Each structure stands twice: as structure tokens, then as C-alpha cells.
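For the protein sequence lines, the chains are A and B, in the order given. Here numbering that gives the first Met the number 0 is used: the first residue of the first sequence is 0, the next is one more, and so on. Here numbering that gives the first Met the number 0 is used: the first residue of the second sequence is 0, the next is one more, and so on. The beta-carbon is built from N, C-alpha and C at its ideal position, and this holds for glycine as well. Bear in mind the structure is a predicted one, so any value in this text is a computation, not a measurement. Down below is the structure, laid out as C-alpha cells.
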Amino acid sequence: MAVCIAVIAKENYPLYIRSVPTQNELKFHYTVHTSLDVVEEKISAVGKSLGDQRELYLGLLYPTEDYKVYGYVTNSKVKFVIVVDSSNTSLRDNEIRSMFRKLHNSFTDVMCNPFHSPGNTIQSKAFDGIVSGMMVQTASTV
Amino acid sequence: MECQEEKPIIYTMENKPIVTCAGDQGLFTSLYTSLAQQLPREPMEWRRTYGRAPKMIHLEANFVQFKEELLPKEGNKALLTFPFLHIYWTDCCDTEAYKSAVKEDMTRWQSSLRTHGSADWVIIVVETNDTKKKNKTNILPRSSIVDKIRSDFCNKQNDRCVVLSDPLKDSSRSQESWNSLLLKLRTLLLMSFTKNLGRFEDDMRTLREKRTQPGWSFCEYFMVQEELAFVFEMLQQFEDALVQYDELDALFTQYVLNFGAGDTANWLGSFCAPVRSWSGLLLRRPIDMEKRDGIQRGEASLLDLRSYLFSRQCTLLIFLLRPWEVTQRALELLHNCVQELRLLEVSVLEGALDCWVFLSCLEVLHRIEGCCDPAQLAANCSHTVGLWAYATDKLKSLGELCGLVSEKGPTSEDLNRTVDLLAGLGDERPETVSSLQSPYKKLKEALSSVEAFERHYLELSHAAMEMYRAIGRLRSARLVGKSLAEFYMRKGDPERAETFLQEALKSYTSEGWSLPVTHTRKQIAECQKLLGRTEDYLQTSALLAGDVNLTTEERKHFCQEILTFAGKSEDQSPKATLSMAVFAQLTRLQFRPATASVHSGAVLQAELTLRCLMPVSVHIQQLAVSVHFDLERAGTNGRSKGAPRQTNPGTVEFSQAHPSAGPASSSAAGPPLELDEIEDRSPTDNSLNSTGVVCKNTHLVMRCHDSASPPDTPNCVSPPSVTVKDDGQMLKVQDVTLEPGNNSIVFTAPSGQPGTYTLRQLYATVGQVQFVLPHIYPSVQYEVYSQEPQLTVEPLSEPLLAGLPQMVKFTLLTGHYAVKKGDALQLSNTDTMPVLPSASCTARINSPAAELVGESSLFIQSSEKVTSISLPATPPYHTLEFHLEVLCVIPHGCDRPANERLTNGEVRHRPRSYSHPDTPMTAIDQRMSIDCPWSIYSTLLALTFYIPFKTKHTLLSAGNRKYIQVCVQNMSDVNFTLAEVQLAEKQQATLELQSLNTKTQQLLCSKHSVFCLWEVRWKDDLPSCLQCIFSANFSPPKQDVSTFKPFHYQFQLERVTTLYSVRAEILPPASEQHCRSGFLCGLEVCITRLTEPTEGEAAEDSKTDADGLKTTKLMYEVADSSSNWAVCGKSSGMVSMPMAADATHKVQIEVMPLFAGHLPFPKIKVLKYLPHTAAVAIQPDPDSCVENDSLSLLDKVLDDQGDTASIRSRGSVHSVGSGDQQQQKGVAMPRLEPFAAGQVFNHSHTQQVLVLPATDDHIMEVNAT
């Protein structure tokens, strides 16, 4: 489904970033980093209007010719970014949402691990597995 | 007149629903103006089918003359040309005329309508007063004509005939009729719309349902639905019109997607044709008829269809005042088209799509600019910036494709490609031919030459960057900047490129994105190399050499770059100073010895752990640590005071700041605080005035908080200018090879001068390159101290016992003083603590590390005043230890000799004994005064000794005979042997003390006592005062006689002589042989004076009676403390004793035994009674008060006893005591004084008497529990 999945800390440094190995990893790093602009824009826009009643899912951050970048922000301002191939038209908003939910759940599990110190990069195998699952599906469908 | 002209229909906004007019054209013409004006004036509610929300709608109409050709033919789906209403105008009021002409005309009109199935018509009858007046004769009432018409044509549809009265007059009647006419027209129009559009929509839907059938064509359907959209647009229902186009859009998209999924529709074939034209969107015309025709003919390409569809959506959105939606949809469209072409596998010339996208982006932007003012545009950058960036991107790839970016310029191949691309653009559209800045012209120009391309590309890039910045999307701006930098690099302009790269790098570094950091840094390295900025390049190379994101080969390459430079000779290149952090990290520093504090001249080693980040091992010529020397806090004070600081642990761990990959934690926290403590001491007495903490690097810390710029961490490409501070002192190591990973390097620290040494900077020199760590933090210090010699004396074993020889340990810390041969310690001798000479006394010399260095014997010489101890030669900072035996003389007791002067003239401090809280033994402090060779002052030292014994004495009497008992208690933890116990009297020669002690030697165990007894014998008179000295020898058990040490105890006994004897007797009742409990018995107390009064006694406490006889007043008291007896009657009383030997006084008291058995006698106390005298009254000395207190105390005791005693009489003592106390407080009063221990001898002291139980008292109480 996804070609790149990233978790970004509140301070905007990457906690976790993985992309499909066949493609240029660097390009995704640039894409995800740039998407933070829109994430911040959306957070501040939402913050003004709705207060604390805010939707975690930020929707499509920006489309490019080849990719669609979706964003999600947890209440602790940790950002999830999922990059999807534009040619993959089977993915609807709902699927993206559920991917983010899954990601969030797994991330919460990682944070609950007493041996994980928040702020460090994510090394969890379970989390890795969830992410792989989201990316493997791509390989099978496309 | 508009309605009468046969104009070709132009599909513009000006389209209005067509209404035909038949009948009297002249009449209509006269009314046309006001009709056209008034029709749209009031809105009408349009109720819609299919649950669509009703709308208020202003109706307009295009009135045309009725012609049969206007009526739609069967199967014609055109809606725009559809006449929605037919009106027949007449002002006929003449019946004849009606019958002859008008009716016929109307019938024709009706029949032609009917043949075309049009039921939307109305007949308007205009009547004016003028017409009535003109032909008065033929005038029928107005109603009759209308009625006729109604009956002729409108069967059951009376509303189809409307009367308009006096339309050209300004009267209320006329206005009213106008209004009703307009309302009628509007209603009819709407009805027509609803009916006809509904029918149309139904047809359209039917057509759509057929889309799965083979012959179905999207283009045909497109035309049908667009017709509907046109009508909605005509009715100004843009929203509805847009919906039609969106539906078409979605339908088409779905087909393309289905095609991707393998479900191919035949009609899609035309869209899959290779793209031949990429002229971009055209948004300047409301309807691009060219493209529309193409679609209608089924010849349109996918880009054509998309372009046309978007241009229509764009037009409608702009009508709806939603220009920003246009930009957003445009971006989506462009992305989507590219995807769709890919999906449909349409063959496209390389770069053609880029052209199309570029042109389209600019076209959309132009269109938006055309309908918004600049302020609005600026405020909505966020909507347009995406298009700008996209256009920039596309232009860049076009430039690269056409060889416009390279330094050399385009090749012929590139030029061919350019020509092909330009051919696909076709000719410029007529709309933009006159415009100088049309997208078409721009693209053509940009592709025409390298210079033009550069100009256009820069213009676009900067525009995009500016906009990104303006809306705060800095990351995006930097990404554009980076791509601009890449452009500059290809153009061979590294200088400009670097600026953009640095900016981008800053952002990546501050946010900890390692991969972009590495990539950007590599590009920067390339720039710097090209620019010849050696130092920067080396610094970047160093960073890259240690970057784990790179492959080993790349890292080695960069490392080699540094080493190559380092290998150059000095004249070839200047030295380069780089930041250490990128090369190696200082991880640990360990001092040996771990205290990091040594005396001056000693060896101190520092072991540095450096983690080398280079991929290969690096040979370093010199590794040095500069040291800052600080004398202020120098440890000149002795070791006890200022020496090794606890805050200075031997091992310092340095926190890790990752140079490249680190998450932003290090940068977010800013540089670590460098704190130092300050103390402000008063200059006079060195007392602390204030203390605080000072931050040394405030300027760095504060700067980071003020601005958001990342701190000067090693992440920065150009490190802060590293200043090499030369403080003179250095820790140096030559020729070290640093392997990748941890390296351990040992330095020997300078320790010449005493003071604090702070490690400041670390340098590593590799040929021409020097790596500098500008700040070692946390700050590392070591201390070199200089120490005064110090002499201490402490007991070898605790506690030191007085009276026995004890070993004490002398410890001499030489400090900076070297003990020479012949140096001696001079101890002033004292009587109370002599130094015992010993045969062999050895001194041990220890090094500072507590290792034994040497041993030598001491030479001790004693003279009368001093004991001199010759010391062996000892080097500085060593410890000299020896033991000496001393003896502390136990003080005798009360004799206090006058203060003596010591040899050095000091007043000798008498050792004073005192009780120590830790031990039951009495302690004595002994001071020693020692003259040392290194000081002109004497050293005073104190030792505490403990007296092992506690001695008590008692005087015992038996009638006139006297005994002295001495009790020696061993308080120490050691056993002793006590020998030669003796007691002597000092003054009375006649007195003889006969020892009753049998043993000569006795073991005195720890915490035990020994009692000794002597009988006092005298010849003439027993002196009232005895000065006794108890003496004994003691030693620890099982020791030779010679080791016995003497122990003395002095004491004084007073009032030794027995004055009175008291004898008591209990007499059973007269009839009985024994006492019985519960029966009164007699107690006879007999007090006898034993001696003649002495002089002192007579003077002191007797008075002469009236008859001249000397008497003493005594008070007796019978008290039974154990409740065995009940005293009946007086329990106490006063007797006057004549002061003569054998004077006797007898007292009878009745007592009653309370229990049966052998009862001890009640206690009889005899006290001296001192009647009040004037002398006493004048001088109420504190003793008397004490007496009073004791009296009242006694009284209280009696009171307590009285509770248990059932029968009790209050004696005079009580009344005297309490009465006096209350009445004459502070005034003279009689006193009671107890006798000294030996003065009264009680014969019946512990005597018992047998008491039988009462006769019938046979009840025994048994308590079983």
C-alpha cells in the first residue's frame, strides 16, 4: 500500500522512517521532510478553529506527480506520514485512515514499553512488522 | 430590435431562455422594453424534482419572433435553442376584427405548436382606453373578447389568457395588471423549465444507463449532459452546471481506472491515440469550441478532453467566485493527467507532457491573476505556490532534456528534441498573440537559448521560493533552493550553489534528518572543493569521513582527502585548523591517582579515551591538551583543610553529541552549561560572605535561546573559528596512531607549581591539519598542592589508661619539608606525663602511596626538662611513624599544687579530670608541647587518658569502735591485680589503723569492686577529723612485681566520735509473753549520751538552761516504713539531753503490730534540734533553707505513710514544721539537723521481735490463680 512510512518526533526529527527498498530512499526523506511544512500548517489551522476537539488525521498533505503524501498527528504532536504511489488508485481515504490507526496503535505499544525511552528512534520489531505489513500489501497488489 | 434578428447563437453568458412572440409584432415592440426590464426584477421560487432543494431564481428571457423553424424537431436534443414559452400578443377589441383575422392567426399558431408537442404558450390581450375610444360603435365589452378567446382556445386552461390593461400608462391599475402578467409569465416559464428539463434529464439518464452497451460513446453522452450544463449556466445556476461537468469528469476518470483494471471500453480507443499536441490548457474563452467540436466528432485526445472539461469547470468556478479551487483542481488535474496517460499507455514524446504541464500551470496562474487583484493573490499564495513549484520543476526537467542546463550548451541531438517539442505546441492561440507574457511565448523563449532558459528558470524558482517563504513553508522553499543549487552546480557556479545548500543543510541538521544531511553535505563538499576553500572542504570531508550513512569507500575517500592535504609540505599550503568533534570524540578522561590531586612534583597521569570517527587509522604527530594554571585556589593550606576536592572524581565521562546522525536532542538543548562556583570571602578573617554559581558560557547559551538558529554544534559545516589558546602548559604525546573506534592515550600532567590546573583544549596535529577541541566540557581539573609538615599524636589503642605505661603513635607528615639528619623533636617534660625511655624504638617511613620506604631506629635523649627525639632523614611528602611509651600519673584527689611553668615558659595546664560521656571512667586531658625543627612555634598536642578506678570510702561504727571501709571499683575493661593495700592517717600519730585485710594481692576484675577494711584504734581521744590516704599498687594481671604502679586516694573523715547510743525495746502487753498482732505493745526508746561534750560541740549547738545545766535538744521519731507497725499517739517528740556522759533519756511509745511474725523494729531516728536563735534569724543561710526543705520532705514521707497507717497522730514536728513554714517564712525558725554517720549508734538497728497472731485469727486467705 504505502511506499514510505515515517514517524516524526514532536521536534521534527525522524523517529522512524522506512521506504520500499526498490526506490530511492533519499528522495523519500526529502519528501517526508518537506511534508512537515504542510503538517505544521494544518496543525496550526486546526488549532485555531477547533481547540482540543481535533481530528488526528490530517488528510492528503500534498500530491505530487508520483506520490500522495498523507499525514496524521497524535495528541503529543508526533507525526505519522504515509507516502502512497499516485498510480495506486485503489486506496481511498478510509483505507489510509485505518492504516494510520493501526500505526498509531502500534506506536502506542512502543511507547508503553518501559525499556523504550521516548525520543529515541524506534527499534521495535513489532512496529517494524506492522509497517512491513502495510508496505508488503503494496508489493502484492501493484 | 433584438428579437427580430436572426443572429447566430453564440454560446456565451448572454444566452437567455428563448421565448417566441407571435401575433401583433407592433404591439409587442412597444411593450418589449418594459417587459424585458421587469421580468427579472423579482425572483421566483423554483421547485425541483428529485428532491433537489428549491431555488430562488431571477428569470430572463430572449424574446424572438415566432417562426415555425424555431420549434424543435423530433429527436433534437438541443436545449439551448429550445423555446420554453410561446406568447401570442393581441390588442384586438373589435369582435369583427377578431373574427375575421386574429382568430384565424391564433388557430394557425396553435396548430403549429400542437404539431411540435409544445404546450407552453400564453395569449396576452392588451387593452387600452384609446382603442376603446376610437371605435366606439363596434366596441364590445372588453371581457367579451377575452371570453371569446378563452372559449376558443383555452378550454379548461383559463390561465393561458392574460389581460394587460393600459400598459403604457402610469397608473395603479396598469401596474397591477403588469404585475399579474409578469407573475404569470414567470410561473409559466418555470413550469416549462421543470417539465422540459425533467424530460431532458430523464432522457439523459436513460442514455447513461446504456453505457455498457457496445455502441455507447462517451463523447455523445458528453454533449448531452453538457447541454444540460449550458442550460443551468444560462439560468445562472452555475452550481448545477458545475455538477454536470463534475459528473462527466468522474465518469471519465472511472473509465480510465477501469481500463487500468483491464475493463476496456471501445470508445476509449480515441483517447489512447498518441499525443500529438501539447498546447496546454486554454482558459481564456468561456467555451473552447475548437476542442468541443473535436469531442463532438470523437476525435479529441485525452489531453483535449481534460483541457476542455477543466476550462469549463474553471469558468464556472470563477463565476462562483472560487478561484482558489481552480488552482487546487488544476494541480490535481495535471497530476492526474500524467497518471492517466501512463495508465492508458498512451505514447507521448519525451518532454511533451512537461511542456503541457508547464503551459497549463502558467495558464491557470494567468487566469487567476486575471480575476484577482494583487493583494488577494499575495494573500493566497498557499493556493498558487504548488503550481509555481510544479512549473519550475517541469521547466527544469525540460531544460535538462534539451541540454540547456549543461555548461557546454545543447548538442544537436538536444536541438532536434527541442524542435520536436516546439512543434507539438502548434501555433499560438489568437487570444494570447498580443500578450507579451503568454505561457506559450515563455516556453518557446525558454527553450530557444541557454540564457533565456536560465532567466526563466531563475525567475520561476525565485518566485516559488519567495511564495513558500511568505507562507512559512520554509522546508519546501529550501528544497526548491536545493534544486536551484543543483542547477547552479551544473552551470558551474558552485559559489551560488553553496549558499542554497548551506541553508538547506542548516534546516536538515537542526531537525536531525541524517540522510538529507549527508547528501547535502556531499554536495557542499563538491562546491567547496571547486571553490578551493580548503579549510571548509577539509572540515566537511572530516564530517563525511565519519558519516555512517556513507559507504566505507566514500568515507575512505574523504578521509584520504584530509590525509593528502596533511601530507603536503608547509610551504605548499598553510595550516588548517579544524574542529575536533568531527574527527574524534573525547569520551572519557581518567586521572591516576584517581583523586586528581597530587603534591607538587609528584607524578599525575591522565588517560584520555578518544573515539576516532575516521574509517581508517590515522597517524597523529602530536596530541596535546592545553592547561590553564590557576594559582588562586592553590592548595597551599594543609591537607586537612583544602585538599582533595570531593567534586573532582578521577574519571570524567563526556556526553556524546553525535556529529551527523543525532536526533535534534543535542541541538535542541543547546550547548551544555559551563558552571563554576564562586566564593566571596572577607579579606580580614577569611569568613564566607557569599557564594554562588557562575555560568561561564552565557553568551553561547543565551544566543541559542534568542534566535532559532541551530547552535554551533559540530553539525555546522563551517565550525566556529577555533581559537588556539596557548596557556603555556601542555599535556603532550607525540606520534600516536588513532584506530577507528576507541583509543586510549596516557598523558603525564605537569605538576610543578601548586595550584589548580584546568584542562582547556585538545589538539591533534596531523601534518598540516590540526584538529582542535575548543572546550573540554565538563571542565576537568586537577590539583597540585604543597603541604606544611604536620605532626599528630594518637593513642595506639583506645582508651589510654592513666597510671599505666601507654603507647602513643607519633605521625609526622613531612609535607614539603625534608627532614634532615640530626633534626629532632623536643618534647617538654611534665610531671604528670613523663615519657618513658625505651630501649628500642624504630621509626617507619612511608611514601605518599602508603608503601613502606624505610625503617630506622630512633635516638631518644632525655634531660630534666626536655626529651629529644632525633629523627631519621625523610624525603618530603612522606610519613614518619614511631611509637613512644608515656605514663599519665593519676591525680591523688584533692591536693592542688600551684601552677608550674613549663620549660618553654608557658603556663602549665593542670590536667583536669572530668567525666567523659562515652565512658564511665574519669578522663584527663594531657597536653604536650613539642618543638619541631621546621617551625619556631611549639606544637601543642593533647592526649586524653582515663583513670581506671573509682574509689569510695565509708566510716562504720560499732558502739564506740570505728572502722574505715574503702571500695575500689575497676571501671576499665581490663583486669588488674591489686597489691599492698594500705591506709594511713596523716596527722594523728597516736592513731592506729589496723588492717583487717587478709590478702596481699587481689584480682580486680573489670567492672568489679574490691572492699578493704581497717579498724581505727586510738589511745586518748578519737579526733573528730581524720585525714586518710589510701594507697595500693596495681598492674595488669600476671605481671612482674616491678610493673606495679601506685595508686593513691586521699580522703577526710569528720565527726567520727559516737555521741549517742539508741536502744529500743518492745514490751508485750502486760499479760502476755509475746506481742500479738492487733494488740498494743510498748516501745521503749532509750537514748544515752556516750561522751563528754567536746569544746566545739558545746559552743556550737547547746545552750545553758536556767538551772545552769548544759542540755542539747534532740528530736526522736519513730517511723515504720514497711507498714508493719501502727504508732499510736505521739510518734515523735523532743528530748532535752544533758550534755554529760551516760545521760540517758527514755521514751515510751505505744505501737501496734499489724502482722504476725518476726517483725523488724520500727525505725527510730534521732535528729539534732536547733531552736531558733537571733543569729540564725539574721543570717538565714542557705543551709537552713535546705534543712527546711528536707524537713518538709520528711513531712511528706510521713504523710504518705499516714495513708497506709490506719491510726496516726500528727506529731509536733509536723505542726512545728508546717506552721513555721507558713507563718514565718524567711524568719528565724527552729531547725533539724541530722547527725553525721558515726555520731549515733543504734543498738536495735536490725532487731526483730516475734509477734503472734491474734487469738481467733485462724482464717487464712489463699488465692489460687
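8 Å Cβ cutoff met for residue i and residue j
i: leucine 180/B; j: tryptophan 88/B; result: no
i: leucine 1058/B; j: glutamine 1238/B; result: yes
i: valine 965/B; j: leucine 1021/B; result: no
i: serine 1005/B; j: serine 1034/B; result: no
i: alanine 77/B; j: glutamate 226/B; result: yes
i: leucine 1326/B; j: glutamate 40/A; result: In the structure as shown, chain B begins at 0 and stops at 1264. Residue 1326/B is therefore absent and cannot be evaluated.
i: valine 626/B; j: proline 749/B; result: yes
i: threonine 551/B; j: proline 614/B; result: yes
i: proline 273/B; j: serine 359/B; result: no
i: asparagine 828/B; j: threonine 878/B; result: no
Own chain, CB closer than 6 Å to residue i, minus 5 neighbours either side, in chain order
i: asparagine 1241/B; result: Val1061
i: arginine 468/B; result: Ala476
i: threonine 943/B; result: Ala922 and Asp924
i: glycine 691/B; result: Ile677
i: arginine 328/B; result: none
i: glycine 402/B; result: Pro409, Thr410 and Asp413
i: lysine 78/A; result: Ile7, Val38 and Val72
Residue i classed as buried or exposed, judged by whether at least 16 other C-beta atoms fall within 10 angstroms
i: asparagine 74/A; result: exposed
i: arginine 159/B; result: buried
i: aspartate 292/B; result: exposed
i: alanine 1105/B; result: Its pLDDT being 49, under 50, alanine 1105/B is placed unreliably by the model, and nothing is read from it.
i: serine 1070/B; result: exposed
i: tyrosine 49/B; result: exposed
i: arginine 51/B; result: exposed
i: tyrosine 913/B; result: exposed
i: proline 16/B; result: buried
i: methionine 0/A; result: buried
i: arginine 1075/B; result: buried
i: tyrosine 936/B; result: exposed
i: proline 42/B; result: exposed
Chain B residues whose Cβ lies nearer than 7 Å to that of residue i
i: glutamate 94/A; result: Residues of chain B passing the Cβ test: none, with the nearest at roughly 15 Å.
7 Å Cβ cut-off: residues of chain A touching residue i
i: serine 475/B; result: Thr33 and Asp36
i: leucine 478/B; result: Tyr29 and Thr33
Within chain A, partners of residue i - CB distance below 8 Å
i: tryptophan 512/B; result: Tyr12, Pro13, His28 and His32
i: glycine 385/B; result: Tyr61
Cross-chain neighbours of residue i in chain B, by beta carbon under 8 Å
i: proline 62/A; result: Leu330, Glu331 and His334
i: glutamate 54/A; result: By Cβ distance, chain B contributes nothing, its closest Cβ being about 20 Å from glutamate 54/A, past 8 Å.
i: leucine 57/A; result: Residues of chain B passing the Cβ test: none, with the nearest at roughly 15 Å.
9 Å Cβ cut-off: residues of chain A touching residue i
i: arginine 843/B; result: In chain order: nothing, as chain A lies at least about 55 Å away.
Chain-order list of residues whose beta-carbon lies under 7 Å from that of residue i (same chain, five-residue window excluded)
i: tyrosine 1168/B; result: Lys1112, Leu1113, Met1114, Met1133, Pro1229 and Leu1231
i: alanine 668/B; result: Unreliable positioning characterises alanine 668/B in this predicted model, as indicated by a pLDDT of 45, which lies under 50. The coordinate reading is nonetheless provided below. No residues qualify anywhere along the chain.
Nonlocal neighbours in the same chain, by C-beta distance under 8 Å from residue i, ignoring five residues either side
i: leucine 342/B; result: Val255, Leu256, Phe258 and Gly259
Interface flag, residue i vs chain E, CB-CB below 8 Å
i: leucine 188/B; result: Considering every chain present, this structure includes no chain E. Its protein chains are A and B.
Taking Cβ-Cβ distances below 9 Å as the criterion, which residues of the stretch 322 to 343 of chain B are in contact with chain A? Listed by position along the chain: Leu330, Glu331, Leu333, His334, Asn335, Val337, Gln338, Arg341 and Leu342.
To be precise: take each residue of the stretch 64 to 89 of chain A, compare its Cβ to all Cβ atoms of chain B, and keep it if any distance is under 7 Å. Which residues remain? The stretch 64 to 89 of chain A vs chain B, Cβ under 7 Å: Glu64, Ser85, Ser86 and Thr88.
Under 9 Å, CB to CB, which of the residues in the stretch 513 to 525 of chain B have a partner in chain A? Flagged, chain order: Ser513, Leu514, Pro515, Thr517 and His518.
Within 8 Å of chain A by C-beta, residues of the stretch 253 to 267 of chain B in sequence order: Those would be Leu256 and Gly259, in chain order.
Anything in the stretch 455 to 475 of chain B with a Cβ closer than 9 Å to a Cβ of chain A? List those residues in chain order, please. Near chain A, meaning a CB-to-CB distance below 9 Å, the residues of the stretch 455 to 475 of chain B are Tyr467, Ile470, Gly471, Arg472, Leu473, Arg474 and Ser475.
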